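Protein chains: 2
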Amino acid sequence: MSKILVFGHRNPDTDAIASAIGFSYLAKQKFHLNTEAIALGEANEETKYALDFFNVEAPRAITSAKEEGCDTVILTDHNEFQQSILDIEELTIWGVVDHHRVANFETESPLFFRAEPVGSASAIIGRMFQENQIAIPKGIAGMLLSAIISDTLLFKSPTTHSTDKAIAKILAQLAGVDLDVYGLNLLKAGTNLASKSGEELVNLDAKTFPLSGKSVRIAQVNTVDIKEMLCRQNALEEAMKSENKAKGYDDFILMITDILNSDSELMVVGDNVKLVKEAFDVEWESNHAFLKGVVSRKKQVVPKLTESYAR
Amino acid sequence: MSKILVFGHRNPDTDAIASAIGFSYLAKQKFHLNTEAIALGEANEETKYALDFFNVEAPRAITSAKEEGCDTVILTDHNEFQQSILDIEELTIWGVVDHHRVANFETESPLFFRAEPVGSASAIIGRMFQENQIAIPKGIAGMLLSAIISDTLLFKSPTTHSTDKAIAKILAQLAGVDLDVYGLNLLKAGTNLASKSGEELVNLDAKTFPLSGKSVRIAQVNTVDIKEMLCRQNALEEAMKSENKAKGYDDFILMITDILNSDSELMVVGDNVKLVKEAFDVEWESNHAFLKGVVSRKKQVVPKLTESYAR
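Top to bottom, those sequences are chains A and B.
Its first residue numbered -10, the first sequence is counted upward by one per residue in the working numbering.
Its first residue numbered -10, the second sequence is counted upward by one per residue in the working numbering.
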């Protein structure tokens, strides 16, 4: 049987990498597949911290399955083709494990597809190990745990599902770490922003949303020191303007999220600054605003903007 | 919480009805949802036999969720929107349980989506009861069992998965029936073809396939008496020609499947009869041909035609 590649989305975060590692192992045990976990890009600093901590090898970064001599793949933490490997439309998709909406996805044949509206794909995989009574190796338990912590911001994000914390507790025990202590250290490892340029910061974790015909780019950075980022406002705004010009976005919004207190600062540049400001019932000062209790782009920012842009 | 409707595909077969009944019950127990199993059409004779046998009420047939005051639904045994309820694009899809390819499907938000390449959606649901250690009531066990028997032609179809027979054995025990005796009686109940007109027969279970730019309709009827159907060849060919003319199909193929011996006779009318005949390495006599061991439209007929039409 030829090799099946298992990978998360492009521009991988900890859940993209951990879910691929976890499901690749599970698929070998449960379905007797010949799998290899790979990645569609380099691991970020948070993910590297987790890989180092649990002594797990980082998956190789590749861009084409055909070049690897593979024609069958498994997608984790994504399903939309534009977030997947470049030659996805030429490949057979054996399966998907995901926690996002289903869209821009199509197969010719029946497949294994498991999606649930929970905090991270790794939480689903953790529960699949349990359902099938397959033992979770320590390193894999640590990586799955890291992904749940990362995606839910240590259970503070409104995307957190009640089952996420339950499986995280079990994984922490298997991985031999204190959930809260390790969790905060992991999140802090991803907040080393000082050494990054404005351009790097606004591209770390950015997604494009079509809102009432406008192309709106929304980036998010996690930090333990919002002030440090506010001091760099000029450089960040320049980087956002350059992105708008180079990529044709109408507006660029930056969420600077305080992972300790679970609040965010918003910055915005573009043609529709007024619509962004009207979306939130807060005071704007020098083109930035403090959003108390806001940490989720998907659940707390995009819906407000969708309404405002539609007015 | 407002009611969530659970239903299988239009033109429902036993798996469409049984999977809706089974998952509606499971969702109440596992997810505490307020569900109702309904159907997108009347039950066929095979399904009615199973409902009567296990004393289960047939789900109501409806065509619009909004008219029922419902805006949230669960799809079983299908996911493609053109096979679903008329107002599907205006509704929130809570979840999907299916065993077909994923296509023509899109949601705005994350959802519960479970698909596996097995013989029937009801087999997945039977295993979900087990995974979650939820007791299966006798009537529901009987309906899920009936759907597995129906979709796999009592495990003779090449669409059968190794897990289908295992779960069917457990369901037969819970339902208090002998798997082989009940199975054959159920399949026979769906083969009462004598009372049906040619038009009814070619529409009982028909699907359209785009093959190299041609629109090819492929119908399948199950029987225990192929000869009876061959005697009606003229009437069947007339009905197939009428369908081609009325609906704009290029070709119409009828599979008459002998469920006792697991063979099929093929009939064809249309512009590309030559391509259909060349697709199979058999002798044609008076415009029909015997295909030894062929019972699956999806796995044994469509692939051969796809190749032949592409030449």
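Glycine is no exception: its CB is placed at the ideal position from the N, C-alpha and C atoms.
Since we're looking at a predicted model, the values are computed, not measured.
(message) Here's the rule I'm using: 16 or more other beta-carbon atoms within 10 Å means buried, otherwise exposed. How should B:Pro1 be labelled?
(response) buried
(request) Could you tell me which chain B residues have their CB closer than 8 Å to the CB of A:Ser98, listed as they occur along the chain? (result) Arg90 and Pro106
(message) Check this for me: beta carbons of B:Ile74 and B:Ala92, under 8 Å apart or not?
(response) no
(message) Less than 8 Å between the beta carbons of B:Asp240 and B:Lys266, yes or no?
(response) no
(request) Have a look at A:Glu272 and A:Leu40 and give me their C-alpha separation to the nearest angstrom. (result) 41 Å
(message) Please list the terminal residues of the continuous alpha helix (DSSP H) segment that includes A:Pro292.
(response) Val291 to Ala299
(request) List the whole-angstrom C-beta distance separating B:Asn211 from B:Ile242, where the pair is believed to meet the contact cut-off of C-beta under 8 Å. (result) Not a contact, Cβ separation roughly 16 Å.
(message) With a threshold of 8 Å between beta-carbons, can A:Phe301 be considered close to chain B, or not?
(response) Any answer about residue 301 of chain A is impossible in this case: the structure gives chain A only from -10 up to 300.
(request) Check the Cβ of A:Glu31 against every Cβ in chain B and list those closer than 8 Å, keeping chain order. (result) Within chain B, no residue comes near A:Glu31; the closest Cβ sits about 27 Å away, beyond 8 Å.
(message) So, for A:Leu80: in the same chain, excluding its five sequence neighbours on each side, which residues have a beta-carbon less than 7 Å away from its beta-carbon?
(response) Ala54, Asp60, Thr61 and Val62
(request) Please say whether A:Leu15 and A:Ile123 have beta carbons closer to each other than 8 Å? (result) yes
(request) Starting from the Cα of A:Glu303, find the closest Cα among A:Lys145, A:Leu134, A:Thr152 and A:Ser275 and give me that residue. (result) Given that chain A is displayed from residue -10 to residue 300, the structure contains no residue 303 of chain A and the question cannot be resolved.
(message) Out of A:Phe118, A:Ala164 and A:Gly108, which one is the CA nearest neighbour of A:Phe144?
(response) A:Gly108
(request) Taking only beta-carbon positions, decide if B:Phe118 is within less than 8 Å of chain A. (result) no
(request) Buried or exposed for A:Pro199, please, with buried defined as at least 16 other CB atoms from any protein chain shown within 10 angstroms of its CB. (result) exposed
(message) Measuring straight from C-alpha to C-alpha, what distance separates B:Arg300 and B:Val205?
(response) 16 Å
(message) Tell me which residue opens and which closes the beta strand (DSSP E) that B:Ile82 is part of.
(response) Thr81 to Asp87
(request) List the endpoints of the continuous alpha helix (DSSP H) containing B:Arg116. (result) Ala110 to Glu120
(message) Would A:His277 and A:Leu294 qualify as a contact pair, given that the criterion is a beta-carbon distance under 8 Å?
(response) no
(request) Under 9 Å between beta-carbons, which chain A residues line up against B:Phe94? List them in chain order, please. (result) Val91, Ala92, Phe94 and Glu95
(message) Rounded to whole angstroms, what is the Cα-Cα separation between B:Ser231 and A:Val(-5)?
(response) 49 Å
(request) Tell me B:Arg103's beta-bridge partners as DSSP assigns them. (result) A:Arg103 and B:Val86
(request) Tell me whether the beta-carbon of B:Ala178 lies closer than 8 Å to the beta-carbon of B:Glu34. (result) yes
(message) Taking only three categories from DSSP, how would you classify B:Phe144?
(response) coil
(request) With distances taken Cα to Cα, identify the nearest neighbour of A:Leu100 among B:Gly58, B:Asn68 and B:Arg286. (result) B:Asn68
(request) Compute the beta-carbon to beta-carbon distance between B:Ala50 and B:Leu29, rounded to the nearest angstrom, for a pair I have assumed lies under 8 Å. (result) 7 Å
(message) With H, G and I counted as helix, E and B as strand and the rest as coil, what does DSSP make of B:Ser253?
(response) strand
(request) Could you check the C-alpha separation between A:Phe102 and A:Ile10 for me, to the nearest Å? (result) 17 Å
(request) Grab the span of the beta strand (DSSP E) containing A:Ser204 for me, first residue to last. (result) Lys203 to Thr212
(message) Does A:Asp87 pass the burial test, meaning 16 or more other C-beta atoms within 10 Å, or should it be called exposed?
(response) buried
(request) Leaving aside the five residues before and after A:Leu160 along the sequence, list all residues of the same chain whose C-beta is less than 6 Å from its C-beta, in chain order. (result) Gly115, Ala130, Leu133 and Leu134
(message) Using only the alpha-carbon positions, how far apart do B:Tyr298 and B:Ser201 sit?
(response) 6 Å
(request) Measure the C-alpha to C-alpha separation of A:Ala5 and B:Ser285 and round it to an integer number of angstroms. (result) 38 Å
(message) Could you compute how far the alpha carbon of B:Glu95 sits from the alpha carbon of B:Leu175?
(response) 36 Å
(message) My output table needs one value for A:Lys216: the three-state DSSP class, helix, strand or coil.
(response) helix
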